[in-house]
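Position one of the sequence shown corresponds to residue 0 (numbering that gives the first Met the number 0), numbered consecutively onward.
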Amino acid sequence: MAVVVIEGCIKCKYTDCAEVCPVDCFYEGENMLVVNPLECIDCGLCEPVCPVEAIVPDSYPEAAKWVRINTDYSKIWPQISYKRRSPYPQSEAFKGLKNKYPDHFDPRPAAQQAGDAEESSRSKKAWGLGTRGGTKA
Ligand code: SF4
Ligand code: SF4
0 MAVVVIEGCI
10 KCKYTDCAEV
20 CPVDCFYEGE
30 NMLVVNPLEC
40 IDCGLCEPVC
50 PVEAIVPDSY
60 PEAAKWVRIN
70 TDYSKIWPQI
80 SYKRRSPYPQ
90 SEAFKGLKNK
100 YPDHFDPRPA
110 AQQAGDAEES
120 SRSKKAWGLG
130 TRGGTKA
């Protein structure tokens, strides 16, 4: 089993989840993250840290269409293994909004933000978590 990211993440993208994932299986779009379900080890660490409850087991009914979206976009969006310093602009306004996918889903990969990786590496070490290695987004 795996978890997937669902609609609540769109235009919120707080990225707390990427910080705690021990296998770095989150991938970043312009306004949301997804999980690669084949890489997720179902450790459960990310679900409770998401402020908008946007991470659910792939077996849940609300996950149905999101399994495909997570699978497809995790192949083309860049990996993210750290918490960004800021959530998506206006994230509070989009928090809890229903049915965001038709109007607000953005298929573009995330633009890189200078300095985030450095901050993250300090933070992930503080948690006692390693990274999978290789180039981090
Ligand atoms: S913690 Fe939740 S809202 Fe934040 S990026 Fe992860 S899934 Fe999206
Ligand atoms: S359940 Fe664990 S392995 Fe899967 S995405 Fe969340 S933190 Fe990563």
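A virtual CB, placed ideally from N, CA and C, is assigned to each residue, including glycine.
The shortest C-alpha to C-alpha distance from S73 to any of C24, M0 and S80 is the one to C24.
G7 and H103 have their C-alpha atoms spaced approximately 11 Å apart. Here S58 is exposed. Its C-beta has fewer than 16 other C-beta atoms within 10 Å. Within the same chain, and ignoring the five residues on either side of E52 in sequence, the residues whose Cβ sits closer than 7 Å to its Cβ are G7.
In the structure shown, the three-state DSSP call for Y81 is coil. For Y26, the pairing in a beta bridge is given by DSSP as V33 and Q78. The Cβ-Cβ distance between E27 and W76 falls below 9 Å. Here DSSP, grouped into helix, strand and coil, assigns V66 to helix. Proximity to N69 across C49, R83, V34 and A63 peaks at V34, based on C-alpha coordinates. If you draw a straight line from the Cα of I54 to the Cα of K10, it comes to about 15 Å.
Taking 8 Å as the cut-off, the C-beta of G43 does not count as close to any heavy atom of ligand 1.
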